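Numbering-wise (the numbering used here), the sequence shown opens with residue 84 and increments by one. Here is the structure we will look at, set down as structure tokens.
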Amino acid sequence: MWTYECETCTRDFGSQQAANQHMDALGHWEPRIECDSCYATFPTQEQVDDHMDDYDHWLRRFECETCTSRFKTQNACNQHMNATDHWAPTFDCETCTRTFASQNAANSHMNATGHWTPRFKCDVCDLKFQTQNGALGHMNSQMHHSHLYCRDCSRGFQNENNLKMHLNSKIHRGTTVPCPFCKVGFTTASGLSHHLETGSCPNAKTLDREKIYKAIRQRDSHGIFTKNLLTFQESDVETIATGAAFNGSSYECYLCHREFNSLRGLNQHLNSPTHSQSLYHCPNRSCARDFVSLASMFNHLESESCSFIRFEKVQENVQNIITGRQRLLGFA
């Protein structure tokens, strides 16, 4: 017959259940739970906890991240590291949430994954790039260089001259240069001059390039910008090209050999000031440029290419140059 012994005393029982009831009642279970530090064992966790509390036998499982101190609880360890600034330094990835024990390890991770924060900004927009070359490539393709960008219009330009032309255009300048005869506004002095020299003004239809030159030349006796021509004769002759100007593929100017798609285009060219006598020169003595029209001279000055006068000054003085502060006689 099987017998079941008490784990502590010598009593035997006919069943395990009876033995368990006996050990429960008398506390005769064999101790199974050990103290973290000494060899003492206890039948319940509560009893071993009481023992370790009484004798400070808790195993110090929580280590300081910097020194060799150990602690029974994570909270106690944290308090120590806060008080002594013993938290281990952590090195964050600049993009994801991973941290590393050394900067070298963090750098290796960011090199491998491309997680470096982009440091090179576009001059204009909010984009950033990993390399300076990447930023330059973007700015070149999008014309986002700050010194070539109009922020008012959100437009980029290929070079400084294009930007300057844009800033001096109607978009930014408006039409503040009025025709003295019909009062239509123009953006530039060259625009007003072209309007008058081509006979486009409805209130001064007989005015043209030659008449404007003669009127201005009378006031510019020192030849500040008009050429002192020994022979000058107004020409009312219209030059007309014929089909003989066709060279087999286009209509060719016999003077400059420029080619045109139509006979009309060639005739417009021949009757333009292109091949006419130069009437004006740049007022800058160090600039040797001559011009066939007042408009072309103004356009040269407006470009500031010879650094003689600012664009704004040209616009301020155009009325005085054209009218001498009064209307040109005979064209009112």
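Cβ coordinates follow ideal geometry from the N, Cα and C atoms, glycine included. These numbers come from a predicted model, not from an experiment.
Fill in: Contact set for W124: own chain, Cβ-Cβ below 7 Å, skip 5 residues either direction
As a position in the sequence shown, residue 124 is number 41, starting the count at 1. Correcting the residue type first, residue 124 is Thr in the shown sequence and not Trp. Here the set comprises P114, R115, I116 and E117.
Worksheet item: So what does K453 bridge to, in DSSP terms?
Response: With the chain covering only 84 through 415, there is no way to say anything about residue 453.
Worksheet item: Among all the DSSP beta bridges, which residues are the ones paired with P285?
Response: For this step, residue 285 is matched to residue 202 along the sequence shown. DSSP output for P285 lists no bridge partner at all.
Worksheet item: Pick from R234, C265, C262 and P261: whose alpha carbon is nearest that of L250?
Response: Taking the first residue of the sequence shown as position 1, residue 250 is located at position 167. Minimum Cα-Cα distance from L250 among the listed residues R234, C265, C262 and P261 corresponds to R234.
Practice prompt. For N244, decide whether its Cβ has a neighbour in chain B, counting only Cβ atoms nearer than 8 Å.
Written response: Among the chains in the structure shown there is no chain B, since it carries only a single protein chain.
Worksheet item: Taking Cβ positions, are F308 and M380 nearer each other than 8 Å?
Response: In the sequence shown, the residue the question calls residue 308 occupies position 225. In the sequence shown, the residue the question calls residue 380 occupies position 297. Yes.
Worksheet item: In or out: E280 buried (at least 16 other Cβ within 10 Å) or exposed?
Response: The sequence position of residue 280 within the sequence shown is 197, counting from 1. Flag for E280 reads buried.
Discussion item. Within a Cβ cutoff of 8 Å, which residues of the same chain sit near F203, ignoring the five residues on either side of it in sequence?
Written reply: By one-based count along the sequence shown, residue 203 stands at place 120. Taking F203 as the centre and dropping the five residues before and after it, the same chain places the C-beta of K211, F212, Q213, T214, Q215, G217 and A218 closer than 8 Å to its C-beta, in chain order.
Worksheet item: Hey, out of N194, F391 and E90, whose CA is closest to A108's CA?
Response: What you label residue 108 is simply residue 25 of the sequence shown in a count that begins at 1. It is E90 whose Cα lies nearest to the Cα of A108.
Worksheet item: Bridge partners of C233, per DSSP?
Response: On the sequence shown, residue 233 is found 150 positions in, with the first residue counted as 1. BP columns for C233 point to R238.
Worksheet item: With a Cβ-Cβ cutoff of 8 Å, do N344 and S333 count as a contact?
Response: As a working mapping, residue 344 is identified with position 261 in the sequence shown. As a working mapping, residue 333 is identified with position 250 in the sequence shown. In this structure, S333 lies closer than 8 Å to N344 by Cβ.
Worksheet item: Around the C-beta of Q186, are 16 or more other C-beta atoms found within 10 angstroms, so that it is buried, or is it exposed?
Response: Numbered from 1 along the sequence shown, position 103 holds the residue referred to as residue 186. Exposed is the call here.
Practice prompt. May I have a chain-ordered list of the alpha helix (DSSP H) segments no shorter than 4 residues that lie completely inside the stretch 147-187?
Written response: Taken in chain order, the whole alpha helix (DSSP H) runs of length 4 or more contained in the stretch 147-187 are 157-167.
Fill in: Proximal residues to H163 (C-beta, below 8 Å), its chain only, five neighbours per side dropped
Translated into positions along the sequence shown, residue 163 becomes position 80. Excluding residues within five positions, the ones whose Cβ falls inside 8 Å are C147, S152, F154 and H169.
Worksheet item: Just the Cα atoms here: how many angstroms apart are A101 and T127?
Response: Along the sequence shown, read from residue 1 onward, the residue named residue 101 stands at position 18. Along the sequence shown, read from residue 1 onward, the residue named residue 127 stands at position 44. If you take the alpha carbons of A101 and T127, they lie about 20 Å apart.
Worksheet item: For L142, which residues from the same chain have a beta carbon less than 8 Å from its beta carbon, with the 5 sequence-adjacent residues on both sides left out?
Response: By 1-based counting over the sequence shown, the position of residue 142 is 59. If the five residues before and after L142 are omitted, its C-beta is found closer than 8 Å to the C-beta atoms of D119, S120 and K155, all from its own chain and listed in chain order.
Worksheet item: What are the partner residues of E88, as DSSP defines its beta bridges?
Response: For the purposes of this step, residue 88 is identified with residue 5 of the sequence shown, where counting begins at 1. Its beta-bridge partners are D95.
Worksheet item: If you check the beta carbons only, do Q104 and Y87 fall under 8 Å apart?
Response: As a position in the sequence shown, residue 104 is number 21, starting the count at 1. As a position in the sequence shown, residue 87 is number 4, starting the count at 1. Judged by their CB atoms, Q104 and Y87 are not nearer to each other than the 8 Å cut-off.
Item to complete: Using a threshold of 8 Å, state whether the C-beta atoms of D262 and L246 are closer than that.
Response: Locating residue 262 in the sequence shown gives position 179, counting from the first residue. Locating residue 246 in the sequence shown gives position 163, counting from the first residue. Here residue 262 turns out to be Cys, not Asp, going by the sequence shown. No, they are not a contact pair.
Worksheet item: Secondary structure at F414, three-state DSSP: helix, strand or coil?
Response: As a position in the sequence shown, residue 414 is number 331, starting the count at 1. Unreliable placement is indicated for F414, whose pLDDT of 27 sits below 50; the coordinate value is still reported in the next sentence. In the structure shown, F414 sits in coil (DSSP, three-state: anything other than H, G, I, E or B).
Discussion item. Can you find the residues in the same chain that come closer than 6 Å, C-beta to C-beta, to L411, ignoring five residues on each side of it along the sequence?
Written reply: Locating residue 411 in the sequence shown gives position 328, where the first residue counts as 1. Confidence is the limiting factor: at L411 the pLDDT is only 34, short of 50, which leaves the residue's position unreliable, though a coordinate-based value still follows. Taking L411 as the centre and dropping the five residues before and after it, the same chain places the C-beta of A298 closer than 6 Å to its C-beta, in chain order.
Item to complete: Give me whichever residues DSSP pairs with F343 in a beta bridge.
Response: In the sequence shown, counting from the first residue as 1, residue 343 sits at position 260. Bridge partners of F343: Y334.
Worksheet entry | For E117, the three-state DSSP class (helix, strand or coil) | One-based indexing of the sequence shown puts residue 117 at position 34. Strand.
Item to complete: With DSSP collapsed to three states, give me the class of H221.
Response: As a working note, residue 221 is residue 138 in the sequence shown. Look at H221 here: in three-state DSSP terms it is helix.
Practice prompt. Please state whether DSSP places G268 in a helix, a strand or coil.
Written response: Your numbering for residue 268 matches position 185 in the sequence shown. If DSSP states are grouped into helix, strand and coil, G268 belongs with the strands.
Discussion item. With the cut-off set at 8 Å, would you say H228 and G239 are in Cβ contact?
Written reply: Looking up residue 228 in the sequence shown gives position 145. Looking up residue 239 in the sequence shown gives position 156. Their beta carbons are under 8 Å apart, which means H228 touches G239 by this criterion.
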